[in-house]
Amino acid sequence: MSVSTGNSDRFGARLRNLCLVLGAIFFLSLYSYGAIEHARRVNLDVSRVDQAAYLGYAENLYDSDYNYVSGRNRMPVYPFLLSFIYQPDFSENDFFTRSKYFNIALSASLLPAIFGYLDNASASFRRWAYG
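Here this note's numbering runs 297 ahead of the position in the sequence shown, where the first position is 1.
Written out as structure tokens, the structure reads:
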């Protein structure tokens, strides 16, 4: 008498996928909580490091109808994205606060996307490398 393992294999795969999803939700929640607390308690000064430069770049992009070219070597995509949340009536502190939360949301959405891409790429590499 042979026992079919098809159902148990499917159950195991579903259980593994459920654990991965729940783990991802847990770690993203933990990451988001830590990032929000850091934004509220630690990162309070816009003039720290080069944060003001990126905010100014985004503001100049918005004001020039996206024709502004920075005089320094800055990554252009991040200020471009920040320019979408900029409003002319924002104070510097309002824009800084909104950009911190935008950055947290951006990173929390990019982390799973990057993980999925790298997981797929590593599976393709393993198939190629090991036959």
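Glycine included, each C-beta is placed from N, C-alpha and C at the ideal position. Since we're looking at a predicted model, the values are computed, not measured.
C-alpha distance - D306 paired with S329, whole-angstrom precision:
Here the alpha carbon of D306 sits roughly 34 angstroms from the alpha carbon of S329.
Identify the continuous alpha helix (DSSP H) that holds L374 and give its terminal residues.
Note that residue 374 is Val in the sequence shown here, rather than Leu. 374-380 is the span of the alpha helix (DSSP H), which, as asked, contains V374.
Residue range of the alpha helix (DSSP H) that N364 falls in?
Element bounds for N364: n/a, residue is neither H nor E.
Using the Cβ count rule (16 or more neighbours within 10 Å means buried), how would you classify L352?
Flag for L352 reads buried.
Given this structure, state the Cα-to-Cα distance separating F393 from V343, to the nearest angstrom.
CA-CA distance, F393 to V343, rounds to 7 angstroms.
Could you spell out the range, first to last residue, of the alpha helix (DSSP H) harbouring F392?
Segment 389-427, the alpha helix (DSSP H) holding F392.
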